[in-house]
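The working numbering puts the sequence shown at residues 325 to 658. First up is the structure itself, then whatever we jot down about it.
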Amino acid sequence: MTETGHHSADHPFGRYAALPLGDLPGTRYPDAAVEALDKRFTARQGNAAIQRIATGFRWAEGPVYFADGGYLLWSDIPNNRIMRWLEDDGHVSVFRAHSHHANGNTRDRSGRLVTCEHDTRRVTRTEPDGRITVLMDRHEGHRLNAPNDVIVANDGAIWFTDPGYGIDGPYEGHQAESEISRNVYRLDPATGRATVVADDFSRPNGLALSPDESRLYVVDSGITHGGPSHIRVFDVDGTTLRNGRVFADDFAPGFTDGLRADVDGNIWCSMGWADPAEDGVRCYAPDGDLLGKVHLPEACANLCFGGRKGHRLFMAASTSVYALYLNTTGVPGR
Ligand code: MG
């Protein structure tokens, strides 16, 4: 055991964990912790190194970037708060205390924050004046389990997952009985009508649309409860999904949790919970080829693109948030 507490002395990236914030002293560019497995990845690598931009959290999740404000938000689920990091000066503060154990965050097409809350078992929207609107907490009379992650499509529809980790126990919510299947939903905020778009997941988790919105990717992290550990992809057919198939399944005994698409449709997903050498982020081509890895000293739960030009990858990884400049950008507005 080293001072990192989790990594053996010869772990190639264990050296990060003992370091404070910012650039790593002596980093040789390009960063050896950014591993290209395919030249399609090399082309997207910047001459950059991984930075730890914030630390001291219990479980970082749900990152979302606000270009108009120049800040990143993310959830610190067990500590029951949403945090904010200002890009201009690196200042970190509490954005929302008593967040109801918020998890996934995103923005709608008007720029409003949309949040999954474990403790209140609902999806909410934060209005420009700070008021919180409940978008959904029930379906056909049954309480949701504990919404986990959420995205908003170009038509304003809110797609979210409801695996129920937040009612497994008190750490990330509270213990409660499930009243409903662990579904994937599409909610039309104009009508308030929600439909179940997938009901055959063990634990549906992170989700992402392809840039043209023809495909929806959804993580199944069911391995936490004896189920699968993979990403599925569906063809989006209007308001429904069809042709579901496995997109990537090389995660077990670990698993992925959250994911985002870049402008070329590559899928960047988190990785953790098994071999520390695999902790971090992976990048898959739309055809399913694994293109590269971003190795982190902590298990990663979720990520987003951001920065003023959209080419900075923010990674919520256990107790810290990391950032890496890339030669690609996320889908605008995601
Ligand atoms: Mg998640």
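In this text, a Cβ means the ideal position worked out from N, Cα and C, and glycines have one as well. Given the structure is predicted, the values throughout are model-derived calculations rather than measurements.
Answer with buried or exposed for residue i, where buried requires no fewer than 16 other C-beta atoms within 10 angstroms of its C-beta.
i: Arg433; result: exposed
i: Gly630; result: buried
i: Lys633; result: exposed
i: Tyr353; result: exposed
i: Asn651; result: exposed
i: Asn427; result: buried
i: Ala576; result: exposed
i: Pro600; result: buried
i: Glu451; result: exposed
i: Val570; result: exposed
i: Gly490; result: buried
i: Ser642; result: buried
i: Pro494; result: exposed
i: Pro656; result: exposed
i: Asp334; result: Confidence at Asp334 is low in this model, with a pLDDT of 44, below 50, so the placement of that residue should be treated as unreliable; the coordinate-derived value is given next. Flag for Asp334 reads exposed.
i: Thr328; result: Because the pLDDT of Thr328 is 37, which lies under 50, any placement of that residue in the model is unreliable, and the number read from its coordinates should be weighed accordingly. When all chains shown are included, Thr328 counts as buried.
i: Thr563; result: exposed
i: Glu602; result: buried
i: Arg539; result: buried
i: Lys617; result: buried
i: Asp473; result: buried
i: Met325; result: A caution first: Met325 carries a pLDDT of 31, below 50, which makes its placement in the model unreliable, though a value can still be read off. Met325 comes out exposed.
i: Asp392; result: exposed
According to DSSP, is residue i helix, strand or coil?
i: Lys363; result: helix
i: Ile547; result: helix
i: Ala522; result: strand
i: Ile406; result: strand
i: Ile482; result: strand
i: Tyr489; result: helix
i: Glu622; result: coil
i: Glu451; result: coil
i: Glu496; result: coil
i: Pro535; result: coil
i: Ala384; result: strand
i: Ala426; result: strand
i: Asp334; result: Residue confidence for Asp334 is low, a pLDDT of 44 falling below 50, so the modelled location carries little weight; the figure read from the coordinates is stated next. In the structure shown, Asp334 sits in coil (DSSP, three-state: anything other than H, G, I, E or B).
i: Glu441; result: strand
i: Pro528; result: strand
i: Ala378; result: strand
i: Met325; result: Low local confidence applies: a pLDDT of 31 at Met325 is under 50, so the model's placement there is unreliable, with the coordinate-based value given in what follows. It is coil, neither helix nor strand.
i: Val655; result: coil
i: Arg339; result: Because Arg339 sits at a pLDDT of 46, beneath the cut-off of 50, its placement in the model cannot be relied upon, and the following sentence gives the value as read from the coordinates. Reduced to three states, the DSSP call for Arg339 is helix.
i: Phe575; result: coil
i: Pro600; result: helix
i: Arg632; result: coil
i: Gly616; result: strand
i: Arg446; result: strand
Locate the beta strand (DSSP E) running through residue i, then write down its first and last residues.
i: Tyr509; result: 508–512
i: Tyr646; result: 644–649
i: Ser417; result: 416–421
i: Trp592; result: 591–595
i: Ala572; result: 564–572
i: Ser399; result: 395–400
i: Ala640; result: 636–641
i: Asp561; result: 554–561
i: Gln369; result: Counting along the chain, Gln369 falls outside any beta strand (DSSP E), and DSSP gives it neither H nor E.
i: Arg606; result: 604–608
i: Ala585; result: 583–585
i: Thr351; result: Unbroken run through Thr351: none, as it is neither H nor E.
i: Leu345; result: Where Leu345 is concerned, there is no enclosing beta strand (DSSP E), given that its DSSP letter is neither H nor E.
i: Ile504; result: First-last for Ile504: undefined, no H or E at that position.
i: Ala468; result: According to the sequence as given, residue 468 is Leu; it is not Ala. Unbroken run through Leu468: none, as it is neither H nor E.
i: Thr515; result: Careful: Thr515 lies outside any beta strand (DSSP E) and carries neither H nor E.
i: Thr580; result: Neither: Thr580 is in no beta strand (DSSP E) and is coded neither H nor E.
Roughly how far, in whole angstroms, is the beta-carbon of residue i from the beta-carbon of residue j, given that I think they are within contact range, below 8 Å?
i: Arg636; j: Tyr649; result: 5 Å
i: Ser594; j: Val605; result: 6 Å
i: Pro387; j: Asn590; result: Going by Cβ atoms, the distance from Pro387 to Asn590 rounds to 18 Å, so no, they are not a contact pair.
i: Arg584; j: Gly568; result: Wrong, their Cβ atoms sit about 20 Å apart, outside the cutoff.
i: Ile374; j: Trp409; result: Wrong, their Cβ atoms sit about 15 Å apart, outside the cutoff.
i: Ala481; j: Arg527; result: Actually they do not touch by this definition, with Cβ atoms about 22 Å apart.
i: Tyr395; j: Glu385; result: So it is not a contact: roughly 17 Å between Cβ atoms.
i: Arg506; j: Asp486; result: 6 Å
i: Met407; j: Phe381; result: 7 Å
i: Ala421; j: Arg445; result: Wrong, their Cβ atoms sit about 19 Å apart, outside the cutoff.
i: Gly659; j: Asp443; result: Since the displayed the chain opens at 325 and closes at 658, residue 659 lies outside it and no answer follows.
i: His549; j: Ala572; result: Not confirmed; about 20 Å, so no contact.
i: Val438; j: Asn429; result: 7 Å
i: Glu501; j: His466; result: Rounded, the Cβ-Cβ distance is 11 Å, inconsistent with contact.
i: Ala598; j: Cys624; result: In fact, because the Cβ distance is near 12 Å, the residues do not count as touching under 8 Å.
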